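Asker: Have a look at this one.
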Amino acid sequence: MVGHHFVEQLINSQHDCHVTVLSGEGRLAYDRVYLSSYFAGKTAEDLAMTTPETYQEWGVDARTNARVSDIDRVAKIVTLESGESFEYDKLILATGSYPFVPPIPGNDQPHCLVYRTIEDLEAISASSAQSKVGVVVGGGLLGLEAANALKQAGLETHVVEFAPQLMAVQLDMMGGEQLKVKIEELGVQVHTQKATQEIVAGENCRYRMNFSDGSYLETDLILFSAGIRPSDQLGRSSELAMGERGGIVINNQCQTSDSDIYAIGECALWDNRIYGLVAPGYAMARAAVAHLTGGEGEFAGADMSTKLKLMGVEVGSIGDAHVRTPGAQVYTYHNQPDGVYKKLVLDPTKTHVIGAVLVGDTSDYDTLLQYALNEIAVPEAPESLILPSSGEAPVLGADALGDSATICSCYNVSKGDIVNAIDGGCCSVGDVKGATSASTGCGGCAALLKNVVDSELEKRGVEVSKAICEHFNFTRQELYHLIQVEGIKSFNELLEKHGTGMGCDICKPAAGSIFASVWNDYILQQQHQPLQDTNDTYLGNMQKDGTYSIVPRVAGGEITPDKLILLGEVAKKYNLYTKITGGQRIDLFGARVDQLPGIWEALVTGGFETGHAYAKALRTVKSCVGSTWCRYGVQDSVTMAIDLENRYKGLRAPHKIKFAVSGCTRECAEAQGKDIGVIATENGWNLYVCGNGGMKPRHADLFATDLDDATLVKYIDRVLMFYTKTADRLQRTSVWMENLEGGLEYLQQVVIEDSLGIADELEAQMQLITDTYQCEWKTTIESPDALKRFRQFVNSEATDSNIQFVTERDQIRPATKAEKFSGEKAIPVEIV
Amino acid sequence: MQAQESYTPQWHDVCHEDDLVTNSGVCALIGEEQVAIFRIVNGEGTQYFAISNWDPIGEANVLYRGIVGSLGGKTVVASPLYKEHYELATGTCLERDDVSVNAYPVRVDAQRVLIEL
Ligand code: SRM
Ligand SMILES: Cc1cc2nc3c(=O)[nH]c(=O)nc-3n(C[C@H](O)[C@H](O)[C@H](O)COP(=O)(O)OP(=O)(O)OC[C@H]3O[C@@H](n4cnc5c(N)ncnc54)[C@H](O)[C@@H]3O)c2cc1C
Ligand code: SF4
Ligand code: FES
């Protein structure tokens, strides 16, 4: 990897020289950092960092399977194992490292493996297929990644660690302990403080590992990940200066003791340290290129901070995680129930961050790293940096960073570089990425990069246009008015009159939604169909494998036993995954596009209607059981919920709309968390508006009190229609109201006092929508033309072979890539 | 890769012109390959495009179900899963340099739709 980076930098420097690359492996450089994704289906080509063609274009002579066995420093010749030899003026050693296998008797058996190259992975895959239990020896960063791979391959997985904790290099004791708890929760068994003495034949498994404390573990496969050792044989044999424990000694220019030979990457020893990460290796490559070409820059050590996700557990480590700095001050936060542990290490004067450990939640990592790398003074209460945000957490804005602040450590891009790129004409994150390579390595800096780019663009007065997209220079509200006032009924007409180009996936669904709000035609009418988002086109939510979910309407959450049984029967017949949703109804998952009509025909015949779970429209009206049964209920909340749901179903809006009705102030239906909330009182109903859950929860505001049924409906008509007409695309009621000048009070004036004189019009428009309601699925199954779309292939009855399921807890779920690959557990898709 | 070099593409008759949906896509199965076929009608007349149906980012066979449109003069389809745009003429992904899908020649002859693959 580092060798390739060197070549790339050298070519970029346009220095006149001839380059030969000799790779000991059977392929050119590939990305080991993403090696594990190979198990998830990535191929050697996906991992490749270059191709023979690219090297050819660059004029680089690249050889594979070209292992160097000898260096003659006097004659300046390197010789390959094959005997072929090459002359050099300057020689760069980037031989990396190899996995250390502890000298345990029995460690050389066929299913004792390591994790470094693509060939290693192939061996692990092959061995896993014949194994039930796997053990990883070594609980460091790589060991845990390897354990994840074994677990995904379906093996019962163990990690055996010699030290008393996991990830001893990056984490402190508490952090290691917390990580262990989390990883064990995920089904990987961790054994710390175990020294393996021998590997012998097992009784139930292939092998038995005997530990020094007398205990043992049986396993079919052993993966050694007990650290790396520099591949420094060439340095040794040609008598370059070497470290006591290996590694080729280099200076700040990355030269070895022979000034014509450089060493970079994991084979090099700088200041008595080996760096086992790519970013420092890349920095060495840049330093070596600079020195060779007479440029500036030297290697001055590198930051070893890391952030990663191990089996879904977030782990981060910054700087002096082990508090080795004398007098350092420490803050810790430990939330055992949630498995979150954070430690902040400050310098003795408590002004700068010098280290941190984060387990279970690394959301503070970027900020802390910036504090540490750029020596930014910490806020007055430094603990606020790691405490869970109770409102105002001090966020480190892009502006707080100086120009020298490193944004991307993989490619050593500073904020200044980004500013320059923007001054040079870049005007989006994509442009900046292209120009600086920032965020194209590990990707850890993506959020920060976006932050910096956005704030710099804003400073330059790059106006964020209000236009909906490049095809219409109007807001959604303006389009709504145009469509309504000019009576426009199709997208082509709208485009001809007011737009340019062909439209896109932003303006088309927005226009489709407005047509529905204004005219309420059948949504799959020929002229509207290409406008709809795929969810609306296929009247279901697309899942990650291209199948759909089915959510029939269950108004108010009330359902008869017969309907429940029908749902069960349909789910059974089509083998669908069945789950109760958060909206008091039932979701059936895993239907192929060609199965949708049959499923819906059965449901519609049984009295179900579409639930619009796919649409920006009314979703559910949640209810509590209310006065009918509940001893505290003061009104019949279920009847009200059902009536409201039936009135507003099918209303297409800028975003989805959710309601709830509670039968008394105990509020079991959580109405104050909904766009429209209704809570029963002794005298009628209290109406709440503009609440939501989701990404940014907001409590609804009390809008009017003690309303009778008719007034309640009248107010809701007006609020919703006003919202539908005036909100922005994908703006929920809460954000819409907050953006209305005058906010809640203004809305009350418009709706209750009719200050704009539009109340009648709003009600009439709502009445039109209610009167023209049709169940889209009913219309669809009755229309042969519409049904034509529900097929996977125009020329074949075959089904999509990529859709495969396995069984989990007695139901289907999509097969993972590894499962599809192995083809073992997949249950064939049944054709119904 | 090598196998493909020695492979000579052929024209496959996949469906009647009426099976296509204007300004939207359908999918055909040719051997093992799923091909998304689009008929685009706008001011410039009628154009046909065919690209692979596999969404390499979402990793599912869904591209024919995306919304078609134009971006900066290029005719594109937006993946229904994560909304990346693929240029219909070339298969290149506008958001990601490292991603693209195959594009195939299409022609319509005596109302039959033919794909070269
Ligand atoms: C199925 C369900 C989860 C479940 O298994 O329980 C669900 C599933 C989805 N939700 Fe949800 N949400 C479900 C209840 C909720 C709730 C709870 C509720 O409604 O009481 C919330 C929070 C309440 C709220 O919306 O105020 C919720 C907040 C979201 C959000 C965030 C909205 C926001 O304003 O922040 C999204 C994203 C969006 O809409 O842009 C979302 C989007 C989605 C999507 C559509 C994501 C997608 O595009 O694939 C999911 C697909 C549904 C499907 O395939 O059928 N879902 N979602 C629930 C269906 C309820 C129903 O019967 O229709
Ligand atoms: C599974 C895994 C996950 C990782 N994850 C991360 C991560 O998330 N972040 C991170 O920063 N780092 C990670 N690393 C570490 C990172 O891959 C290494 O730091 C990086 O590969 C070092 O680059 P290098 O060029 O020094 O060595 P290498 O990439 O190993 O390249 C050395 C090359 O030299 C060849 N070679 C050796 N001897 C000879 C010879 N005599 N003649 C010819 N060729 C020879 C080798 O065959 C090899 O191809 C990970 C490593 C692994 C294995
Ligand atoms: S919370 Fe997220 S993952 Fe869960 S259903 Fe909603 S959108 Fe999907
Ligand atoms: S820090 Fe790794 S890509 Fe930027």
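So the protein sequences, as listed, match chains A and B. For what it's worth, our numbering labels the leading residue of the first sequence as 29, then goes sequentially. For what it's worth, our numbering labels the leading residue of the second sequence as 56, then goes sequentially. Don't be surprised by glycine CBs; every beta carbon is placed ideally from N, CA and C. Being a predicted model, the structure only gives us computed values, none of them experimental.
(1) What in chain A is Cβ-close to residue 83/B, meaning under 9 angstroms?
(2) Using a beta-carbon distance cut-off of less than 8 angstroms, what residues from the segment 121-136 of chain B approach chain A?
(3) Quick one: which chain B residues come within Cβ less than 9 angstroms of residue 911/A?
(4) Taking 8 angstroms as the CB-CB limit, is residue 536/A close to chain B?
(5) For residue 163/B, collect the residues of the same chain with a Cβ closer than 8 angstroms to its Cβ; drop the 5 residues on either side in sequence, then sort them by chain order.
(6) Given the structure, does residue 229/A come close to ligand 2, in the sense that its CB is under 7 angstroms from one of the ligand's heavy atoms?
(7) Alpha carbon to alpha carbon, how far is residue 75/B from residue 92/B?
(8) For the pair the segment 295-304 of chain A and the segment 350-364 of chain A, tell me if three or more CB-CB distances fall below 8 angstroms.
(9) Going along chain A in order, which residues have a C-beta closer than 9 angstroms to the C-beta of residue 164/B?
(10) Check the Cβ of residue 570/A against every Cβ in chain B and list those closer than 8 angstroms, keeping chain order.
(11) Give the C-beta separation of residue 649/A and residue 689/A to the nearest angstrom, bearing in mind that I take them to be a contact with Cβ-Cβ under 8 angstroms.
(12) Name the DSSP beta bridge partners of residue 105/A, please?
(13) Short check: CB of residue 297/A to CB of residue 286/A, under 8 angstroms?
(14) Of all the options 65/A, 39/A, 55/A, 111/A, which has the alpha carbon lying nearest to the alpha carbon of residue 85/A?
(15) Does the distance from the CB of residue 614/A to the CB of residue 594/A come in under 8 angstroms?
(16) Grouping DSSP H, G and I as helix and E and B as strand, with all else coil, what is residue 727/A?
(17) CA-CA distance, residue 709/A and residue 691/A?
(18) Please list, in chain order, all residues of the same chain as residue 66/B whose beta carbon is under 6 angstroms from its beta carbon, the five residues on each side excluded.
(19) List in chain order: all unbroken alpha helix (DSSP H) runs of 4+ residues lying wholly within the segment 359-412 of chain A.
(20) Mind pulling the beta strand (DSSP E) runs of 3 or more residues that sit fully within the segment 753-809 of chain A?
(21) Taking 7 angstroms as the limit between beta carbons, can you name the residues of its chain near residue 515/A, skipping five residues before and five after?
(22) Please check if any C-beta of chain B sits within less than 8 angstroms of the C-beta of residue 529/A.
(23) Quick check: what's the CA-CA separation for residue 706/A versus residue 585/A?
(24) Could you spell out where the alpha helix (DSSP H) holding residue 657/A opens and where it closes?
(25) Just the chain A side, please: which residues come within less than 7 angstroms of residue 97/B by C-beta, in chain order?
(26) For residue 862/A, is the beta carbon positioned less than 7 angstroms from some heavy atom of ligand 2?
(27) Within its chain, find whatever has a CB closer than 6 angstroms to the CB of residue 142/B; leave out the 5 residues flanking it on each side and keep chain order.
(28) Could you tell me the alpha carbon to alpha carbon distance between residue 349/A and residue 383/A, rounded to whole angstroms?
(29) Chain B beta carbons: is any one of them nearer than 8 angstroms to that of residue 586/A?
(30) Once the 5 residues before and after residue 157/B are set aside, which same chain residues still bring their CB inside 7 angstroms of it?
(31) For a test of the three-state rule: what should DSSP assign to residue 844/A, helix, strand or coil?
(32) Nearest to residue 460/A by CA position, among 449/A, 488/A, 125/A, is which residue?
(33) One question on the structure: do residue 573/A and residue 827/A come within less than 8 angstroms of each other, judged by their Cβ atoms?
(34) Tell me whether residue 29/A counts as near ligand 2, meaning its Cβ is closer than 7 angstroms to at least one heavy atom of that ligand.
(35) For residue 717/A, write down the residues that DSSP places opposite it in a beta bridge.
Answerer: Judging by the given coordinates:
(1) As a first step, residue 83/B must be located in the second sequence, where it is residue number 28. Within 9 angstroms Cβ-Cβ: 821, 822, 823, 824.
(2) 121, 122, 123, 124, 125, 126, 127, 128, 130, 131, 133, 135, 136
(3) A question about residue 911/A goes unanswered here, because the residues of chain A that appear run from 29 up to 860.
(4) As a first step, residue 536/A is located in the first sequence; it is residue number 508 there, counting from the start. So, interface residue.
(5) Locating residue 163/B in the second sequence gives position 108, counting from the first residue. Closer than 8 angstroms at the Cβ level, and outside the excluded window around residue 163/B, lie 72, 103, 169.
(6) Within the first sequence, the letter at position 201 stands for residue 229/A. No - ligand 2 has no heavy atom lying nearer than 7 angstroms to the Cβ of residue 229/A.
(7) Here residue 75/B corresponds to residue number 20 of the second sequence, with the count starting at 1. Here residue 92/B corresponds to residue number 37 of the second sequence, with the count starting at 1. Cα to Cα, residue 75/B sits roughly 8 angstroms from residue 92/B.
(8) no
(9) As a first step, residue 164/B is located in the second sequence; it is residue number 109 there, counting from the start. Going along chain A, no residue has its Cβ under 9 angstroms from residue 164/B, so there is no contact; the nearest lies around 16 angstroms.
(10) Residue mapping note: residue 570/A aligns to position 542 of the first sequence, counting from 1. Under the 8 angstroms cutoff, chain B gives 117, 120, 135, 136.
(11) On the first sequence, position 621 is the one that residue 649/A refers to. On the first sequence, position 661 is the one that residue 689/A refers to. Residue 649/A to residue 689/A, Cβ: 6 angstroms. Contact.
(12) Walking along the first sequence from the start, residue 105/A turns up at place 77. BP columns for residue 105/A point to 100/A, 115/A.
(13) Counted from its first residue, the first sequence places residue 297/A at position 269. Counted from its first residue, the first sequence places residue 286/A at position 258. Cβ atoms of residue 297/A and residue 286/A: not closer than 8 angstroms.
(14) Counted from its first residue, the first sequence places residue 85/A at position 57. Checking every option, the nearest Cα to that of residue 85/A belongs to 39/A.
(15) Looking up residue 614/A in the first sequence gives position 586. Looking up residue 594/A in the first sequence gives position 566. It is not a contact, given that the beta carbons lie outside the stated cut-off.
(16) Stepping through the first sequence from its first residue, residue 727/A is reached at position 699. Three-state DSSP puts residue 727/A in coil, outside helix and strand.
(17) As a working mapping, residue 709/A is identified with position 681 in the first sequence. As a working mapping, residue 691/A is identified with position 663 in the first sequence. Taking the straight line joining both Cα atoms gives about 8 angstroms.
(18) Locating residue 66/B in the second sequence gives position 11, where the first residue counts as 1. Closer than 6 angstroms at Cβ, skipping near neighbours: 169, 171.
(19) 393-401
(20) none
(21) In the first sequence, counting from the first residue as 1, residue 515/A sits at position 487. There are no such residues.
(22) In the first sequence, counting from the first residue as 1, residue 529/A sits at position 501. Cβ-Cβ to chain B under 8 angstroms: yes for residue 529/A.
(23) By 1-based counting over the first sequence, the position of residue 706/A is 678. By 1-based counting over the first sequence, the position of residue 585/A is 557. So the two alpha carbons sit approximately 15 angstroms from each other.
(24) Taking the first sequence and counting its residues from 1, one reaches residue 657/A at position 629. Where residue 657/A is concerned, there is no enclosing alpha helix (DSSP H), given that its DSSP letter is neither H nor E.
(25) Counting from 1 along the second sequence, the entry for residue 97/B is found at position 42. Those within 7 angstroms of residue 97/B in chain A are 530.
(26) Look at the range of chain A in this structure, 29 to 860, and you will see that residue 862/A is not part of it.
(27) Position 87 of the second sequence, counted from the first residue, corresponds to residue 142/B. Correct list, in chain order: 129, 131.
(28) Reading the first sequence from its first residue, position 321 is the one you call residue 349/A. Reading the first sequence from its first residue, position 355 is the one you call residue 383/A. Approximately 5 angstroms between the Cα atoms of the pair.
(29) As a working note, residue 586/A is residue 558 in the first sequence. No, no contact with chain B.
(30) Stepping through the second sequence from its first residue, residue 157/B is reached at position 102. Closer than 7 angstroms at the Cβ level, and outside the excluded window around residue 157/B, lie 106, 107, 146.
(31) What you label residue 844/A is simply residue 816 of the first sequence in a count that begins at 1. In this structure, residue 844/A counts as coil in the three-state DSSP scheme.
(32) Along the first sequence, one-based indexing puts residue 460/A at 432. Of 449/A, 488/A, 125/A, the residue nearest in Cα terms is 449/A.
(33) Position 545 of the first sequence holds residue 573/A. Position 799 of the first sequence holds residue 827/A. Cβ atoms of residue 573/A and residue 827/A: not closer than 8 angstroms.
(34) Indexing the first sequence from 1 puts residue 29/A at position 1. Within the cutoff, so yes.
(35) In the first sequence, residue 717/A corresponds to position 689, counting from 1. DSSP, once it has assigned bridges, lists 704/A, 729/A as partnering residue 717/A.
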